[in-house]
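In this note's numbering, the protein residues as written are 13 to 99.
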């Protein structure tokens, strides 16, 4: 999710009209981040199972480095997207 959207922060109040398109874009963005996290976790789980079965420590260490980068990217994207929401 590297798109740059040019819209203001969104706040939902009972008396306020909300642009549903912006809400859908935000929700899709957060869904993409959650999918990124889920895929990284699944990859880590598979890699750990392989490590436990084979004991290939170097491959597991490399996987851990890759997963750390993936989770870091997901976290950065999450923070970027959360900027568009305000409590």
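By construction, the Cβ of each residue, glycine as well, lies at the ideal position given by its N, Cα and C atoms.
Proximity of residue i and residue j at Cβ, strictly below 9 Å
i          : j          : result
residue 82 : residue 47 : no
residue 76 : residue 49 : no
residue 35 : residue 56 : no
residue 96 : residue 38 : yes
Residue i Cβ short of 8 Å to the ligand GDP heavy atom set
i          : result
residue 43 : What this structure holds is no ligand at all, so the ligand GDP is not there to describe.
Boundaries of the alpha helix (DSSP H) in which residue i is found, first to last residue
i          : result
residue 96 : Looking at the DSSP string, residue 96 is not in any alpha helix (DSSP H), and its letter there is neither H nor E.
residue 41 : 32–66
- Item | Given 8 Å, three or more beta-carbon pairs between the region 64–73 and the region 37–55 | no
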